[in-house]
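**Q** Mind having a look at this structure? Questions to follow.
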Amino acid sequence: MTLARRTFSALAAAAVAACTLAAPLAAAAQDIKPRLIRFGYGLNEQSNQGRAVKFFAEQVEKASGGKMRVRAIGAAALGPDTQMQQALIGGAQEMMVGSTATLVGITKEMALWDTPFLFNTAAEADVILDGPIGQKVMDKLQDKGLVGLVYWENGFRNLTNNKRPVNKVEDLDGIKLRVMQNNVFLDSFKLLGANAVPLPFSELFSALETKAVDGQENPYNTILSSKFYEVQKYLSITNHVYSPWILTVSKKWWDTLSPAEQKVLKDAAVASRAFERQDTRAEATKALAELKAKGMQINELSPAEAARMRTKLTRVNAGIGVNVGMDLWVETQAALDKLRSGKK
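Mapping of the sequence shown onto the working numbering: position 151 corresponds to residue 154, and the numbering continues sequentially without gaps.
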């Protein structure tokens with residue numbers, strides 16, 4: 004074979020190899036169509052939730068070559084979580100991020116995350132939520148018309164009110180406390196002596212301002228970004244529930260997407276999870292200091308009083324076990340015991 008022929012053969016082989024490699028990429032690019040994705044969320048654009056939604060949108064646009072664009076709509080402009088969930092189920096909205104607690108009426112297993120004092124640390128929550136148990140709970144949404152992608156962190160919830168510092172269980176007596184529209188939260192705070200009032204988050208500031216309710220419970224970040232310090236005097240650090248957010252997609256819409264488009268959203272969701280948790284945790288430390296600087300009176304519930312609360316809520320926890328299914332409850336407790344004992 005002459006040198007010229009050998010060179011031509013080598014170039015031809017390289018061209019074939021390049022085409023073979025390029026074919027899947029070209030096919031994937033063709034499988035991504037121009038799409039506008041309406042993404043609703045409850046907090047404002049400057050919040051940790053708003054920043055994470057923006058990050059997610061940027062990842063989607065970048066990975067899709069600008070074809071898939073996310074229209075982020077915050078401040079509950081598309082309605083409270085419950086309304087957006089129904090919009091997703093009906094196919095009238097594509098995506099949202101919201102509390103897992105407001106999904107309990109749709110998928111009973113979501114009540115697992117409402118268990119008071121379930122997690123001791125955020126690291127424990129990460130392992131359980133991102134592992135088989137978290138996936139098992141998330142997969143239950145598909146039968147109801149929703150697709151769960153990842154969990155974000157809302158954070159450990161703490162109490163604020165205008166009546167008095169909550170240093171012991173008895174301090175909750177008679178406090179009119181806004182809680183999420185969720186039976187576990189209602190039952191828990193009623194057992195602890197509060198007058199629990201279910202209200203959508205979008206109505207909360209106004210209810211505090213007009214004294215329709217005395218207090219509420221949320222993580223530091225939300226208390227700060229929602230400016231509850233303007234209408235609340237006392238902040239009691241109770242860490243009574245670790246509260247996740249969940250990124251959900253309309254199944255009706257999801258099923259119309261190509262595998263390449265679904266992968267863009269899944270990959271962006273995983274990237275946003277890492278970004279959101281890091282951002283939220285860094286902000287939480289600053290938020291507590293800022294709330295103190297803004298004049299909130301802060302106290303911390305002692306471990307002994309937290310144990311008293313936990314004991315009072317034994318009946319609620321037993322009810323959660325029955326509601327979510329004892330197999331799931333036992334599996335979760337076993338996984339937590341294993342984590343805490345350091346076993347592999």
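Think of the CB as a built atom: it goes at the ideal place given N, C-alpha and C, for glycine as much as any other residue. Just so we're clear, the structure is a prediction, and the values are computed from it rather than from any experiment.
(1) Report the residue from E334, G137 and N161 whose alpha carbon sits nearest the alpha carbon of G151.
(2) Give the range of the beta strand (DSSP E) segment to which D74 is assigned.
(3) Out of curiosity, what's the CA-to-CA distance linking S228 and N47?
(4) Count the other C-beta atoms from every protein chain shown that fall within 10 angstroms of the C-beta of T241, then say buried if there are 16 or more, exposed otherwise.
(5) Chain D beta carbons: is any one of them nearer than 8 Å to that of N161?
(6) According to DSSP, which residues form a beta bridge with G43?
(7) Would you call the CB atoms of L180 and N198 closer than 8 Å?
(8) Any heavy atom of the ligand ADP closer than 7 Å to the Cβ of R311?
(9) State the CB to CB distance for the pair M183 and A79, rounded to an integer number of angstroms; the pair is presumed to be in contact (CB under 8 Å).
(10) Restricting to runs no shorter than 4 residues, where is the alpha helix (DSSP H) found entirely within the stretch 138-226?
(11) Take A287 and list the residues in its own chain whose beta-carbon comes closer than 8 Å to its own, dropping the five residues that flank it on each side.
(12) Which residues in the same chain as V70 place their Cβ atom closer than 8 Å to its Cβ, once the five residues preceding and following it in sequence are excluded?
(13) Among the residues of its own chain, which have a CB less than 6 Å from the CB of V252, if the five just before and after it don't count?
(14) Quick check on L24: buried or exposed, where buried means 16 or more other Cβ atoms within 10 Å of its Cβ?
(15) Span of the alpha helix (DSSP H) holding S275?
(16) L106: which of T124, I76 and M141 sits nearest, CA to CA?
(17) How would you label T317, buried or exposed, when you count the other beta carbons within 10 angstroms and need 16 or more for buried?
(18) Could you check the C-alpha separation between E220 and Q33 for me, to the nearest Å?
(19) Which of the three DSSP states, helix, strand or coil, is assigned to Q86?
(20) Once the 5 residues before and after F120 are set aside, which same chain residues still bring their CB inside 6 Å of it?
(21) D117: buried (16+ other C-beta within 10 angstroms of its C-beta) or exposed?
(22) On the three-state DSSP scale, how would you describe G345?
(23) Does DSSP put T335 in a helix, a strand or coil?
(24) Identify which residue in L115, G93, I92 and A75 has its Cα closest to the Cα of T335.
(25) Here's the rule: buried if 16 or more other CB atoms are within 10 angstroms of the residue's CB, otherwise exposed. What is M113?
**A** If we stick to the structure as given:
(1) As a first step, residue 151 must be located in the sequence shown, where it is residue number 148. When each option's Cα is compared against that of G151, the closest is G137.
(2) Position 71 of the sequence shown holds residue 74. In the sequence under discussion, the amino acid at residue 74 is Arg, which differs from the Asp named in the question. It spans M71 to I76 - the beta strand (DSSP E) in which R74 sits, taken as one unbroken run.
(3) Here the question's residue 228 lines up with position 225 in the sequence shown. Here the question's residue 47 lines up with position 44 in the sequence shown. Cα to Cα, S228 sits roughly 8 Å from N47.
(4) Taking the sequence shown and counting its residues from 1, one reaches residue 241 at position 238. Burial call: buried.
(5) Among the chains in the structure shown there is no chain D, since it carries only a single protein chain.
(6) Working through the sequence shown from its first residue, we reach residue 43 at position 40. Paired residue(s): I76 and M99.
(7) Here residue 180 is taken as the residue at index 177 of the sequence shown, counted from 1. Here residue 198 is taken as the residue at index 195 of the sequence shown, counted from 1. In this structure, N198 lies closer than 8 Å to L180 by Cβ.
(8) As presented, the structure is devoid of all ligands, the ligand ADP included, so that no description of it is given.
(9) Taking the first residue of the sequence shown as position 1, residue 183 is located at position 180. Taking the first residue of the sequence shown as position 1, residue 79 is located at position 76. The pair is not a contact, with the Cβ atoms about 13 Å apart (cut-off 8 Å).
(10) 186-194 and 207-212
(11) Taking the first residue of the sequence shown as position 1, residue 287 is located at position 284. For A287, where only same-chain residues beyond five positions count, the Cβ hits under 8 Å are G158, P222, Y223 and N224.
(12) Taking the first residue of the sequence shown as 1, we reach residue 70 at position 67. Contrary to the premise, residue 70 reads as Lys rather than Val in this sequence. The answer, listed in chain order, is I35, K36, P37 and R38.
(13) Taking the sequence shown and counting its residues from 1, one reaches residue 252 at position 249. So the qualifying residues of the chain are M98 and V150.
(14) Taking the sequence shown and counting its residues from 1, the one referred to as residue 24 is at position 21. Any reading at L24 is ruled out, since the residue's pLDDT is 43, under 50, leaving its predicted position unreliable.
(15) As a working mapping, residue 275 is identified with position 272 in the sequence shown. Looking at the DSSP string, the run of the alpha helix (DSSP H) that includes S275 is P262 to A296.
(16) Residue mapping note: residue 106 aligns to position 103 of the sequence shown, counting from 1. Per the Cα distances, M141.
(17) As a first step, residue 317 is located in the sequence shown; it is residue number 314 there, counting from the start. Under this definition T317 is an exposed residue.
(18) Here residue 220 is taken as the residue at index 217 of the sequence shown, counted from 1. Here residue 33 is taken as the residue at index 30 of the sequence shown, counted from 1. Approximately 47 Å between the Cα atoms of the pair.
(19) Here residue 86 corresponds to residue number 83 of the sequence shown, with the count starting at 1. Note: Q86 maps to helix in three-state DSSP.
(20) Within the sequence shown, the letter at position 117 stands for residue 120. Only R313 meet the Cβ criterion.
(21) Position 114 of the sequence shown, counted from the start, is the residue given in the question as residue 117. D117 is buried by the Cβ-count criterion.
(22) Here residue 345 refers to the residue found at position 342 when the sequence shown is read from its first residue. Three-state DSSP puts G345 in coil, outside helix and strand.
(23) Indexing the sequence shown from 1 puts residue 335 at position 332. It is helical.
(24) Counted from its first residue, the sequence shown places residue 335 at position 332. When only C-alpha atoms are compared, the closest one is L115.
(25) In the sequence shown, residue 113 corresponds to position 110, counting from 1. By the neighbour-count rule (16 or more Cβ atoms within 10 Å), M113 is buried.
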